[in-house]
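Let me begin by presenting the structure, written as structure tokens, before commenting on it.
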């Protein structure tokens, strides 16, 4: 599918080194957007940026840790220096670390909160001025938050992960009351089982195998299929805001 309205836009994609973020960056660039790739793994980012450029797109690799204020500030300066102001932000970076709550894994809880919620807020704070400015000039401006179906479907051992995603979903709803009147669109996307590296972060063998069993039974979405959804919502006419989208494999209830 062609998304002509994406040509000429300037996008930031977090978590761009793999999975959904990588797929989103590739598709946006293929449709003519300049794309800043933000993630912690510099080698992966450089390889992806090289691939995009080889295919005729424009990409900038920016090593950034969204859990660190100074790192985000430096990333913003780098993006502005090279690409100028941004009009499309995809908050995709996230981490999923399930374990029973009675294990008391405060380290995991804090990492998920810092990445999935506070990290997203850092990115929003960093680029709000750009988005509002673009909309004021009559251009399309989009904030897309990648949440999870876990935001409203409880699952044992995923309580804290689900709580961070529920917070992100609620944040998206609330931000529409602030950004919508200024013509900045906010879209919250909640994927189900998706082909990403999230399961690789799980340090509990049983829970990791459980995810594998679910995938075998239910199937999963390709990262490129989620990228297609992002490209679709951000290429609609600027007065159309697809505010909330849940995307599941057909077999996932």
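Numbering (the working numbering), first residue to last: 605 to 857.
For every residue, glycine included, the Cβ atom is placed at its ideal position computed from N, Cα and C.
- Counting of Cβ neighbours within 10 angstroms places residue 685 among the exposed residues, the total staying below 16.
- The alpha-carbon separation between residue 639 and residue 834 amounts to approximately 14 Å.
- Counting every other CB atom within 10 Å of its CB across the protein chains shown gives residue 844 a total below 16, marking it as exposed.
- Scanning its chain for C-beta atoms nearer than 7 Å, with the 5 sequence neighbours on each side dropped, one finds around residue 727 the residues 618, 670, 676, 693, 695, in chain order.
- Only residues of its own chain outside the window of five on either side were considered, and among them 638, 687, 690, 691 have a CB closer than 6 Å to the CB of residue 614, listed in chain order.
- As summarised for the segment 620-707, the continuous alpha helix (DSSP H) elements at least 4 residues long and confined to that stretch are 623-634, 646-658, 673-687, given in chain order.
- When DSSP reads this structure, residue 746 sits in a beta bridge with 692, 789.
- Taking one beta carbon from each stretch, the segment 707-716 and the segment 653-662 have fewer than 3 pairs nearer than 8 Å; the two do not touch.
- The C-beta separation of residue 799 from residue 755 comes to about 20 Å, leaving the pair out of contact by the 8 Å criterion.
- For residue 856, there is no enclosing alpha helix (DSSP H), as DSSP gives it neither H nor E.
- Nearest to residue 767 by C-alpha distance, out of 734, 699, 822, 782, is 699.
- Distance between residue 742 and residue 821, taken at the CA atoms: about 47 Å.
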